[in-house]
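Chains A and B, in that order, are what the protein sequence lines are. When you line the first sequence up against this note's numbering, it's residues 301 to 718, in that order. When you line the second sequence up against this note's numbering, it's residues 301 to 718, in that order. All residues carry an ideal CB built from backbone N, CA and C; glycine is no exception.
2 protein chains.
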Amino acid sequence: MTLSKSWVASANDANHPFPLNNLPYGVFSVDGSEQHCGVAIGDMILDVTTAEAEGVINLDDEPLFDLPFWNPLMEQGPAVWAALRARLTYLLAEGSEEQDKVEPLLVPQNATELHMPFAVSEYTDFYAGRHHAQNVGTMFRGPENALPPNWLHIPIGYNGRASSVVVSGTDIRRPWGQLKSPDQEKPAFLPSRRFDIELEMGAIVGTPSEGPITVQEADDHIFGYVLLNDWSARDIQAWEYQPLGPFQAKATATSISPWIVTKAALEPFRCDTPAREVPLLDHLKDCGPMLYDIDLSVTMAPEGKPATTIARTNYKEMYYSAAQQLAHHSTSGCPMNTGDLLGSGTISGPTKPERGSLLELSWGGKEPLTLNTGETRSFIEDGDTLTLTGAAKGKGYTIGFGDCTGTVLPAHSSPYAR
Amino acid sequence: MTLSKSWVASANDANHPFPLNNLPYGVFSVDGSEQHCGVAIGDMILDVTTAEAEGVINLDDEPLFDLPFWNPLMEQGPAVWAALRARLTYLLAEGSEEQDKVEPLLVPQNATELHMPFAVSEYTDFYAGRHHAQNVGTMFRGPENALPPNWLHIPIGYNGRASSVVVSGTDIRRPWGQLKSPDQEKPAFLPSRRFDIELEMGAIVGTPSEGPITVQEADDHIFGYVLLNDWSARDIQAWEYQPLGPFQAKATATSISPWIVTKAALEPFRCDTPAREVPLLDHLKDCGPMLYDIDLSVTMAPEGKPATTIARTNYKEMYYSAAQQLAHHSTSGCPMNTGDLLGSGTISGPTKPERGSLLELSWGGKEPLTLNTGETRSFIEDGDTLTLTGAAKGKGYTIGFGDCTGTVLPAHSSPYAR
Numbered sequence: 301m302t303l304s305k306s307w308v309a310s311a312n313d314a315n316h317p318f319p320l321n322n323l324p325y326g327v328f329s330v331d332g333s334e335q336h337c338g339v340a341i342g343d344m345i346l347d348v349t350t351a352e353a354e355g356v357i358n359l360d361d362e363p364l365f366d367l368p369f370w371n372p373l374m375e376q377g378p379a380v381w382a383a384l385r386a387r388l389t390y391l392l393a394e395g396s397e398e399q400d401k402v403e404p405l406l407v408p409q410n411a412t413e414l415h416m417p418f419a420v421s422e423y424t425d426f427y428a429g430r431h432h433a434q435n436v437g438t439m440f441r442g443p444e445n446a447l448p449p450n451w452l453h454i455p456i457g458y459n460g461r462a463s464s465v466v467v468s469g470t471d472i473r474r475p476w477g478q479l480k481s482p483d484q485e486k487p488a489f490l491p492s493r494r495f496d497i498e499l500e501m502g503a504i505v506g507t508p509s510e511g512p513i514t515v516q517e518a519d520d521h522i523f524g525y526v527l528l529n530d531w532s533a534r535d536i537q538a539w540e541y542q543p544l545g546p547f548q549a550k551a552t553a554t555s556i557s558p559w560i561v562t563k564a565a566l567e568p569f570r571c572d573t574p575a576r577e578v579p580l581l582d583h584l585k586d587c588g589p590m591l592y593d594i595d596l597s598v599t600m601a602p603e604g605k606p607a608t609t610i611a612r613t614n615y616k617e618m619y620y621s622a623a624q625q626l627a628h629h630s631t632s633g634c635p636m637n638t639g640d641l642l643g644s645g646t647i648s649g650p651t652k653p654e655r656g657s658l659l660e661l662s663w664g665g666k667e668p669l670t671l672n673t674g675e676t677r678s679f680i681e682d683g684d685t686l687t688l689t690g691a692a693k694g695k696g697y698t699i700g701f702g703d704c705t706g707t708v709l710p711a712h713s714s715p716y717a718r
Numbered sequence: 301m302t303l304s305k306s307w308v309a310s311a312n313d314a315n316h317p318f319p320l321n322n323l324p325y326g327v328f329s330v331d332g333s334e335q336h337c338g339v340a341i342g343d344m345i346l347d348v349t350t351a352e353a354e355g356v357i358n359l360d361d362e363p364l365f366d367l368p369f370w371n372p373l374m375e376q377g378p379a380v381w382a383a384l385r386a387r388l389t390y391l392l393a394e395g396s397e398e399q400d401k402v403e404p405l406l407v408p409q410n411a412t413e414l415h416m417p418f419a420v421s422e423y424t425d426f427y428a429g430r431h432h433a434q435n436v437g438t439m440f441r442g443p444e445n446a447l448p449p450n451w452l453h454i455p456i457g458y459n460g461r462a463s464s465v466v467v468s469g470t471d472i473r474r475p476w477g478q479l480k481s482p483d484q485e486k487p488a489f490l491p492s493r494r495f496d497i498e499l500e501m502g503a504i505v506g507t508p509s510e511g512p513i514t515v516q517e518a519d520d521h522i523f524g525y526v527l528l529n530d531w532s533a534r535d536i537q538a539w540e541y542q543p544l545g546p547f548q549a550k551a552t553a554t555s556i557s558p559w560i561v562t563k564a565a566l567e568p569f570r571c572d573t574p575a576r577e578v579p580l581l582d583h584l585k586d587c588g589p590m591l592y593d594i595d596l597s598v599t600m601a602p603e604g605k606p607a608t609t610i611a612r613t614n615y616k617e618m619y620y621s622a623a624q625q626l627a628h629h630s631t632s633g634c635p636m637n638t639g640d641l642l643g644s645g646t647i648s649g650p651t652k653p654e655r656g657s658l659l660e661l662s663w664g665g666k667e668p669l670t671l672n673t674g675e676t677r678s679f680i681e682d683g684d685t686l687t688l689t690g691a692a693k694g695k696g697y698t699i700g701f702g703d704c705t706g707t708v709l710p711a712h713s714s715p716y717a718r
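Here it is, written out as structure tokens:
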């Protein structure tokens, strides 16, 4: 596939994240106005809510875009998803006969504020990156025992807090929590000292399911993807996580990029999972390429200073696809719903500069990073801005996600200060 | 406090679960009609939705009861909760001057079907019963290492699946899952063989919070309580739970009793948590009696046979109150919302007949129970009906919850059969 040309000129640049091939879905407002659904095209946003109200887009008797989130479209399923994409592609393509109707519906992106693109029903976070699991396991249990016995048989995951998911650009307040280092006799209630990122992709469930679904069905249920940063307080986690897993360590915030990149836009970038180290049982077996070739990077910028790229990796480093994760999620009969968000787990590549968390990059704080500014970091310091970026590279075009960024504010002086 | 008399005669029996002192909130329908909010009084239900529509109840300019769940009232906060309770008490009390207006709004309970009383936002399950933690820990790690090091310092919990919460009476399909017993080399995908109950209370968050809240504030945010059965597949759990906690083992279903018993109704039964074995840090310290004296029991009935009571205990056996759990839940800044459901964790007393799970009652299957029918059980068999009951006993009156019951159906022949 090559670049599809749009009459929105800025969309035709080979490096622009939002060409006609992409058409990602977001929610925007202008100067505090009502939030509308919109689709990014070049430097502009097409106001889909108004387009529907004016009859330029008309998919259903009931309005699909009169609420400020994409869930009503998501639950319609693949046929309606395809119909919308076809209509948007037609409206915005070079030579469209309806350009004059669409032009008044375009808003410059730089005049807008972006909001959560969908209502998160429930949020699940996985631990399905092979190199991340190996790194973390090696740090805590040594290289021979790095992987838990179940790891190569099921995508390990835990339920997170949907209420903590925020859109890119939201400031993140350093959390308080109960901490105890091994050399202390008693725990103490303090601000986290080992606050970290996790570089992940988030898969968004489009259509609901009631019972177990196959890997192929699961792939069909997925609507699209976002970048996802699962902010993690490593010191809270170390004290709390046995025996029932992470809880408050992961509940402060999870940031997502503002644009839902649809499965359709990513279709040309599908790729296989890595070779299986042990065969998967039938219910989780690969049945087609369900990962995606998406370049990912992380930058860190101390307050008022330029950013340093601290990691580069690729989504294809995952051991399990989101489809396998969703299939596993459904095995028990767990109902899955429109708007469920599945975090991939931290994505790390095989070498040191490909690691998707500071825990791994600084090897538990033992090997601090040196930024371009000359400063060093083991974990996040107050005022640091962490930014994830992602792009799939086609022939003469780019599928971008928009940044997933957040600045860490100092903890409140007392946890109960408002 | 003694029995408050109602003109609904059935409500004045000392053993009836729904006297005027109780007034629990549910959602009902009659012969498939529209679901309405209702309050139980004796053998009747007062149709609150219709009472509001007709102006008999009028708390707000906007309707609070036109949707089939109690969340709109829950988010109003304590003043409106108290106003509704006062109005209902007035309307239903002996001598009410509005009896003639209310009588036509009463529906016999036995003519109704009950539904989920509230929309569950997110669901968290705790592990905060001292005897349960001791029993389970002893089985797995020996009595000396039974309690994890953090257990006496924080209420250990994990996020569950809100989508899996169902109302009492819903059949429960035995789940498939990936299992591996220690003597097997590889896992297999099979129906669970160690399917279990957990006897719990559920606390329902009424008003939302954004940052850390104190234990007293947390108590103020709680709207009411239900009985809760956290169905658990012990064999799925054993294979999956390291290192990130239970996931599919707990995602098949969680049943709740159909009536929300308000904090106001339980006020006379408040009691203290047990003596602290080690002092709690300030942010979790007890600041008043926040447990409740509620007798609890579990019965098991094989298909078509009478039930046997297999456990009796009391909610006051908990080590942590729901207020302490909610306070802990908020420490990281985790936003808590109207409709969040917090499971107490399995409630077990100190002696064998007080254990709130089959895992404990049969000591991991080594000591099968004998039912009154002569049958034995280590875990649940297909067709078994498990029922939780709860009652707080006042002077001449009872505060009941309604049964929390479910029948376990056989697993589908294939997990992907519909």
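Hey, residue i and residue j: beta-carbon distance below 8 Å or not?
{"i": "L658 (chain A)", "j": "D496 (chain A)", "result": "yes"}
{"i": "L499 (chain A)", "j": "L688 (chain A)", "result": "yes"}
{"i": "N450 (chain B)", "j": "E540 (chain A)", "result": "yes"}
{"i": "Q624 (chain A)", "j": "P404 (chain A)", "result": "no"}
{"i": "A692 (chain B)", "j": "D593 (chain B)", "result": "yes"}
{"i": "M600 (chain A)", "j": "L686 (chain A)", "result": "yes"}
{"i": "V526 (chain A)", "j": "I560 (chain A)", "result": "yes"}
{"i": "V339 (chain A)", "j": "L323 (chain A)", "result": "yes"}
{"i": "P558 (chain A)", "j": "V467 (chain A)", "result": "yes"}
{"i": "M374 (chain A)", "j": "S509 (chain A)", "result": "no"}
{"i": "D425 (chain B)", "j": "G643 (chain B)", "result": "yes"}
Along the alpha helix (DSSP H) that carries residue i, what are the first and last residues, could you check?
{"i": "F369 (chain A)", "result": "Taken as a continuous stretch (DSSP letters only), F369 (chain A) belongs to no alpha helix (DSSP H), as it is neither H nor E."}
{"i": "Q624 (chain B)", "result": "A622 to H629"}
{"i": "E500 (chain A)", "result": "Per DSSP, E500 (chain A) belongs to no alpha helix (DSSP H); it is in the beta strand (DSSP E), L499 to V505."}
{"i": "K693 (chain A)", "result": "First-last for K693 (chain A): T685 to G694, but that is the beta strand (DSSP E), not the alpha helix (DSSP H)."}
{"i": "E577 (chain B)", "result": "From DSSP, E577 (chain B) is part of no alpha helix (DSSP H); its letter is neither H nor E."}
{"i": "T349 (chain B)", "result": "V348 to A353"}
How many angstroms separate the CA atom of residue i from the CA atom of residue j?
{"i": "G645 (chain A)", "j": "A383 (chain B)", "result": "47 Å"}
{"i": "V327 (chain B)", "j": "G469 (chain B)", "result": "14 Å"}
{"i": "S632 (chain B)", "j": "W531 (chain A)", "result": "11 Å"}
{"i": "A622 (chain A)", "j": "S464 (chain A)", "result": "21 Å"}
{"i": "G377 (chain B)", "j": "L641 (chain B)", "result": "16 Å"}
{"i": "D523 (chain A)", "j": "G700 (chain A)", "result": "Reading off the sequence shown, one finds Phe at residue 523 (chain A), where the question assumed Asp. Using only the alpha carbons, I get a separation of about 16 Å."}
Starting from residue i, trace the beta strand (DSSP E) in both directions and tell me its first and last residue.
{"i": "P680 (chain B)", "result": "Strictly speaking, residue 680 (chain B) in this sequence is Ile, with Pro absent from that position. No beta strand (DSSP E) contains I680 (chain B), which DSSP labels as neither H nor E."}
{"i": "F440 (chain A)", "result": "Here F440 (chain A) belongs to no beta strand (DSSP E); instead the alpha helix (DSSP H) covers R430 to R441."}
{"i": "W451 (chain A)", "result": "Run containing W451 (chain A): none; DSSP gives neither H nor E here."}
{"i": "Q478 (chain B)", "result": "W476 to L479"}
{"i": "K407 (chain A)", "result": "It should be noted that the sequence gives Val, not Lys, for residue 407 (chain A). Where V407 (chain A) is concerned, the enclosing beta strand (DSSP E) stretches over L406 to P408."}
{"i": "R612 (chain B)", "result": "T608 to N614"}
{"i": "T412 (chain B)", "result": "No beta strand (DSSP E) holds T412 (chain B); DSSP gives it neither H nor E."}
Taking Cβ-Cβ distances shorter than 8 Å, what residues in chain B pair up with residue i?
{"i": "L544 (chain A)", "result": "Y427, I456, G457, Y458, Y541, G545 and P546"}
{"i": "E422 (chain A)", "result": "E422, R461, A462 and S463"}
{"i": "N637 (chain A)", "result": "S463"}
Run through chain A and tell me which residues come within less than 9 Å of residue i, C-beta to C-beta.
{"i": "Q478 (chain B)", "result": "N450, H453, I454, L581, H583, L584, H628 and T631"}
{"i": "Y716 (chain B)", "result": "G511, P512, I513, T514, E517 and H583"}
{"i": "F569 (chain B)", "result": "Under the 9 Å cutoff, chain A gives no residues; its nearest Cβ is about 29 Å from F569 (chain B)."}
{"i": "F489 (chain B)", "result": "L581, D582, H583, L584 and T631"}
Show which residues of chain B have a CB atom less than 7 Å away from the CB atom of residue i.
{"i": "A622 (chain A)", "result": "None at all; the shortest Cβ gap to chain B is about 16 Å."}
{"i": "R473 (chain A)", "result": "G633"}
Using a beta-carbon distance below 8 Å, is residue i in contact with chain C?
{"i": "A533 (chain A)", "result": "Absence of chain C from the displayed structure is noted, the protein chains being A and B."}
In chain B, which residues lie less than 9 Å from residue i when you measure between Cβ atoms?
{"i": "C587 (chain A)", "result": "By Cβ distance, chain B contributes nothing, its closest Cβ being about 13 Å from C587 (chain A), past 9 Å."}
{"i": "I680 (chain A)", "result": "Going along chain B, no residue has its Cβ under 9 Å from I680 (chain A), so there is no contact; the nearest lies around 15 Å."}
{"i": "I536 (chain A)", "result": "T631 and S632"}
Could you tell me which chain A residues have their CB closer than 7 Å to the CB of residue i, listed as they occur along the chain?
{"i": "A551 (chain B)", "result": "S632 and C634"}
Problem set entry | Proximal residues, the segment 656-667 of chain A versus chain B, C-beta separation under 7 Å | none
Problem set entry | Against chain B: residues of the segment 347-371 of chain A by CB proximity under 9 Å | none
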